[in-house]
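full-length UniProt numbering puts the first residue of the sequence shown at 1, with every later residue one more than the last.
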Amino acid sequence: MPKASARHILVSSEQECLDLKKQIAEGADFAALAASHSSCPSGAQGGALGSFGPGQMVPEFDAAVFGGEVGEVQGPVKTDFGYHLLEVTERTD
1 MPKASARHIL
11 VSSEQECLDL
21 KKQIAEGADF
31 AALAASHSSC
41 PSGAQGGALG
51 SFGPGQMVPE
61 FDAAVFGGEV
71 GEVQGPVKTD
81 FGYHLLEVTE
91 RTD
């Protein structure tokens, strides 16, 4: 069964998500931005969500995690919780 480890930043607006993504592309540290901007409690751990399998996260998040490239910052991904930037840090098939 596939497993993935990921980290994310959860914010309330698409524009804030895009602004943070631009900062990361320009060299800002993902974990530091998660700690200072994410509304998810995982922000305190740099956005780390640990390891999980398909179906354990909401469908939109799942699709991005198990369909995207490892190490690539993806988003904005819209869910009922808000807008996410996410990065898969590890995945096994």
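Virtual Cβ for every residue (Gly too), placed ideally from N, Cα, C. Quantities reported herein were computed from a predicted structural model and do not represent experimental measurements.
When E69, T92, D93, P59 are compared against V77, the one with the closest alpha-carbon = Here residue 77 refers to the residue found at position 77 of the sequence shown. When only C-alpha atoms are compared, the closest one is P59.
Quick one: what's T79 bridged to in DSSP?
-> Locating residue 79 in the sequence shown gives position 79, counting from the first residue. DSSP lists G82 as the beta-bridge partner residues of T79.
At 3 residues or longer, and completely inside the region 11-86: list those beta strand (DSSP E) runs for me, N to C.
-> Within the region 11-86, complete beta strand (DSSP E) segments of at least 3 residues are found at 48-52, 73-79, given in chain order.
Which term fits G68, buried or exposed, when burial requires 16 or more other beta carbons within 10 angstroms of its beta carbon?
-> Taking the first residue of the sequence shown as position 1, residue 68 is located at position 68. By the 10 Å Cβ count, G68 comes out buried.
Give every residue of the same chain whose Cβ lies closer than 8 Å to the Cβ of P2, excluding the five residues on either side of it in the sequence, and list them in chain order.
-> Working through the sequence shown from its first residue, we reach residue 2 at position 2. Correct list, in chain order: G53, P54, F66, R91, T92, D93.
In whole angstroms, what separates the C-alpha of T89 from that of Q15?
-> Against the sequence shown, residue 89 aligns to sequence position 89. Against the sequence shown, residue 15 aligns to sequence position 15. Distance between the alpha carbons of T89 and Q15 is about 24 Å.
Supposed contact pair F61 and L10 - C-beta distance, whole angstroms, cut 8 Å | Translated into the one-based positions of the sequence shown, residue 10 becomes position 10. Translated into the one-based positions of the sequence shown, residue 61 becomes position 61. In this structure L10 does not touch F61 by the C-beta definition: roughly 10 Å separates them, more than the 8 Å allowed.
Taking all protein chains shown into account, decide if Q74 is buried (16 or more other Cβ within 10 angstroms of its Cβ) or exposed.
-> Numbered from its first residue, the sequence shown carries residue 74 at position 74. So Q74 ends up on the buried side.
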